[in-house]
Amino acid sequence: MRVAMIGVGYVGLVSGACFSEFGHDVVCIDSDAGRIAGLERGEIPIYEPGLDELVARNRAAGRLRFTTDLKVAMDGAEAVFIAVGTPSRRGDGHADLSYVYQAARDISAQLKNYAVIVTKSTVPVGTGREVERIIHAARPDAEFDVASNPEFLREGSAIGDFMRPDRIVIGTESERAKEILRRIYRPLSLRETPLLFADLETAELIKYAANAFLALKISYINQISDLCEKVGADVHDVARGIGLDGRIGPKFLHPGPGYGGSCFPKDTNALMHTAREVGAPLSLVEATVSYNEARKSDMAERVLALLDGNAKGKRVAILGLTFKPNTDDMREAPSLTILPRLRAAGIEVTAHDPAGMEEARKLMPDVIYCEDAYETLAGADALVLLTEWNAYRGMDIRRMHGLMRQPLVIDLRNVYRSREMRRAGFTYHSLGRPKWR
Ligand code: NAD
1156 MRVAMIGVGY VGLVSGACFS EFGHDVVCID SDAGRIAGLE RGEIPIYEPG LDELVARNRA
1216 AGRLRFTTDL KVAMDGAEAV FIAVGTPSRR GDGHADLSYV YQAARDISAQ LKNYAVIVTK
1276 STVPVGTGRE VERIIHAARP DAEFDVASNP EFLREGSAIG DFMRPDRIVI GTESERAKEI
1336 LRRIYRPLSL RETPLLFADL ETAELIKYAA NAFLALKISY INQISDLCEK VGADVHDVAR
1396 GIGLDGRIGP KFLHPGPGYG GSCFPKDTNA LMHTAREVGA PLSLVEATVS YNEARKSDMA
1456 ERVLALLDGN AKGKRVAILG LTFKPNTDDM REAPSLTILP RLRAAGIEVT AHDPAGMEEA
1516 RKLMPDVIYC EDAYETLAGA DALVLLTEWN AYRGMDIRRM HGLMRQPLVI DLRNVYRSRE
1576 MRRAGFTYHS LGRPKWR
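Quick note: to get my numbering, add 1155 to the position in the sequence shown (first position is 1).
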């Protein structure tokens, strides 16, 4: 089957490559000519484990192509996926739908035969109908349907998530569109992946409701973690104790410096605004959004307090800058709140990240970036661990100790074992664990 994918970012490129792996003939298009030229040379524009191999294999088999020409991409395509960005709109927190609507206008100019236009981007309720209206207004003659097929993949494990999803959500009332999407996802439904059919609005809302729930779960364990610190309980045992309850589940119960990334912050904001606008405000989501913002700042204040309020002239080493491991995505990462606060307090900041430094350099130019994690620690008065990359788990703690001026470690991901760190001579702080553990 011929499939067109508009947008080759984290979602479009992974989805396009995975569809071609299913055996479909996929043409990916992006308005960023540099990105497409790079892909044609075999360069992958994002860091995503396994993606380079998947793209190379399917390009070699002739099933995956890249272009900047939508006409080429849509030629004979039965399904056209829109996977462009929907960032927060400056000023009001609504989802910026200008890229989606531009894609709809572009599509309308190229529609020849029947196709189903599928929004894979995360879009507020009503966007699919607007896409339908835009195309219909421009091309009243054209035969098409619009469907919503929200994507649930996680950066860092995107291919595995796409290939083995918990469910596939398809929102459309058209039997013809359903049949095409059934065929596209047949390799997954053969493996018993549930296909959930709903109407357009419901499918759009499922994505936001899922992300907001996960954001809420993270914030909940972060608050429980703070409570654990006050009462001498261990947040990991609490998380395990509640997570084993099948009604709660063990995932997203790990304390940290607040959620970030390209999805949760913007999606919770967009959902909050939609809900307010229609007169059904989501007070739980609103509380989550403001708590999470405050948490990132609180983590910076915690670091400053642990430096005895005497920050000026001190040097702090940061390990991990991206919002989570195995991605180069810096969008809304807690580091973007914490590092500038430390710099503003007169602290010299050195930092390392296995994949995020190129982007971080552009966003925080006054930080000293080190190519090696140990180099970051030289002469440091404190180490703050911000992202739990595997590379940091296996570091030689004696060597770390030998490099630092003051052996203070503030572990905001609870990567290290408290006892081991203390035995090695560190003053060690983590989240939600009793001091004596
Ligand atoms: P991204 O910013 O990485 O990529 C978007 C791409 O679309 C860019 O390469 C851009 O050049 C291109 N583009 C924009 N307008 C275009 C147009 N008119 N024609 C052709 N190309 C165009 O975005 P992303 O992270 O892949 O997210 C895409 C959507 O998927 C968003 O709505 C996001 O919320 C959602 N989503 C993201 C993730 C994730 O983990 N990143 C997961 C699930 C859902």
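Beta carbons are placed, not taken as given, at the ideal position from N, Cα and C, and that holds for glycine.
First and last residue of the beta strand (DSSP E) that includes residue i?
i	result
His-1249	No beta strand (DSSP E) holds His-1249; DSSP gives it neither H nor E.
Gly-1171	It is not in any beta strand (DSSP E) - Gly-1171 instead sits in the alpha helix (DSSP H) that spans 1165 to 1176.
Asp-1300	1299 to 1303
Phe-1317	Phe-1317 -> not in any beta strand (DSSP E); alpha helix (DSSP H) instead, spanning 1313 to 1318.
Arg-1157	1157 to 1161
Ala-1270	1270 to 1274
Val-1278	Careful: Val-1278 lies outside any beta strand (DSSP E) and carries neither H nor E.
Phe-1307	Neither: Phe-1307 is in no beta strand (DSSP E) and is coded neither H nor E.
Gly-1587	No beta strand (DSSP E) contains Gly-1587, which DSSP labels as neither H nor E.
Leu-1266	Neither: Leu-1266 is in no beta strand (DSSP E) and is coded neither H nor E.
Gly-1326	1323 to 1326
Ala-1353	1350 to 1353
Assuming residue i and residue j form a contact by the criterion Cβ under 8 Å, report the distance between their Cβ atoms to the nearest whole angstrom.
i	j	result
Leu-1369	Phe-1407	5 Å
Leu-1541	Pro-1412	6 Å
Gly-1587	Val-1458	Gly-1587 to Val-1458, Cβ: 16 Å. No contact.
Lys-1469	Leu-1462	6 Å
Tyr-1254	Val-1235	15 Å between Cβ atoms; not a contact.
Ser-1344	Gly-1326	Contact flag wrong, Cβ pair sits at about 17 Å.
Lys-1362	Thr-1277	5 Å
Leu-1308	Val-1166	7 Å
Ala-1515	Leu-1476	5 Å
Tyr-1202	Ala-1435	39 Å between Cβ atoms; not a contact.
Asn-1424	Val-1444	6 Å
What residue from the options has the CA that sits closest to residue i's CA?
i	options	result
Ile-1262	His-1249, Asp-1224, Ser-1243	Asp-1224
Pro-1279	Ile-1191, Pro-1295, Asp-1251, Arg-1588	Asp-1251
Ala-1364	Ala-1430, Thr-1348, Gly-1398	Ala-1430
Glu-1328	Ala-1172, Tyr-1446, Val-1301	Val-1301
Met-1512	Ile-1502, Glu-1503, Thr-1443, Cys-1525	Cys-1525
Ser-1243	Glu-1441, Ile-1552, Ala-1488, Ser-1417	Ser-1417
Phe-1174	Arg-1338, Lys-1590, Gly-1283	Arg-1338
Ile-1237	Lys-1479, Tyr-1256, Thr-1222	Tyr-1256
His-1179	Arg-1395, Met-1160, Asp-1207, Ile-1379	Met-1160
Gly-1501	Lys-1590, Val-1433, Val-1471	Val-1471
Glu-1143	Gly-1315, Arg-1319, Phe-1352	This structure cannot speak to residue 1143, because the chain is shown only from 1156 to 1592.
Met-1454	Val-1539, Val-1433, Asp-1508	Val-1539
Phe-1177	Asp-1508, Asn-1268, Ala-1292, Phe-1317	Phe-1317
Ala-1172	Arg-1190, Asp-1185, Asp-1207, Met-1485	Asp-1207
Gly-1534	Glu-1306, Arg-1560, Thr-1505	Arg-1560
Pro-1204	Arg-1214, Glu-1285, Glu-1310	Glu-1310
Leu-1336	Pro-1305, Asn-1366, Ala-1297, Ala-1188	Pro-1305
Arg-1145	Glu-1198, Val-1504, Met-1229	Past the edges of the chain, shown from 1156 to 1592, lies residue 1145, and the structure says nothing about it.
Glu-1503	Pro-1480, Lys-1467, Asn-1481	Lys-1467
Gly-1189	Gly-1162, Val-1210, Glu-1575, Ala-1211	Gly-1162
Ala-1579	Pro-1589, Asp-1566, Ile-1552, Leu-1563	Ile-1552
Gly-1396	Gly-1246, Ile-1376, Gly-1549, Gly-1415	Ile-1376
Tyr-1269	Asp-1484, His-1428, Ala-1332	Ala-1332
Arg-1498	Asp-1521, Pro-1480, Pro-1489	Asp-1521
Leu-1494	Leu-1209, Glu-1456, Leu-1219	Glu-1456
Ala-1358	Ser-1170, Phe-1581, Thr-1274	Thr-1274
Arg-1574	Lys-1590, Arg-1568, Ile-1565	Lys-1590
Gly-1549	Leu-1532, Pro-1562, Leu-1563, Tyr-1571	Tyr-1571
Phe-1581	Ser-1438, Gly-1283, His-1556, Arg-1245	His-1556
Ala-1528	Met-1519, Ala-1506, Leu-1518, Lys-1517	Ala-1506
Arg-1496	Ala-1449, Thr-1222, Leu-1563	Ala-1449
Pro-1200	Leu-1168, Val-1182, Arg-1402	Leu-1168
Val-1447	Gly-1415, Ile-1473, Leu-1474	At residue 1447 the sequence reads Asn, which differs from the Val that was named. The candidate whose alpha carbon is nearest that of Asn-1447 is Gly-1415.
Got a sec, what are the start and stop residues for the alpha helix (DSSP H) residue i sits in?
i	result
Met-1454	1438 to 1461
Ala-1528	1528 to 1532
Ala-1293	1282 to 1293
Ala-1332	1330 to 1339
When you compare the CB of residue i with every CB in chain C, is at least one pair closer than 8 Å?
i	result
Leu-1541	The structure shown contains no chain C, having only a single protein chain.
Minimum length 4: unbroken alpha helix (DSSP H) runs contained in the stretch 1540 to 1582: You should have 1545 to 1548, 1552 to 1558, 1573 to 1578.
Length at least 3, wholly inside the stretch 1469 to 1511: the beta strand (DSSP E) runs in chain order: Along the stretch 1469 to 1511, the beta strand (DSSP E) occurs as fully enclosed runs of 3 or more residues at 1470 to 1474, 1503 to 1507, listed in sequence order.
Whole runs of the alpha helix (DSSP H) within the stretch 1185 to 1264, excluding any shorter than 4 residues: Scanning the stretch 1185 to 1264 for uninterrupted alpha helix (DSSP H) segments of 4 residues or longer gives 1188 to 1195, 1206 to 1215, 1225 to 1229, listed from N- to C-terminal end.
Segments of 4+ residues assigned as alpha helix (DSSP H) that fall wholly inside the stretch 1363 to 1434: Counting whole runs of 4 or more residues, the stretch 1363 to 1434 contains the alpha helix (DSSP H) stretches 1390 to 1398, 1419 to 1432.
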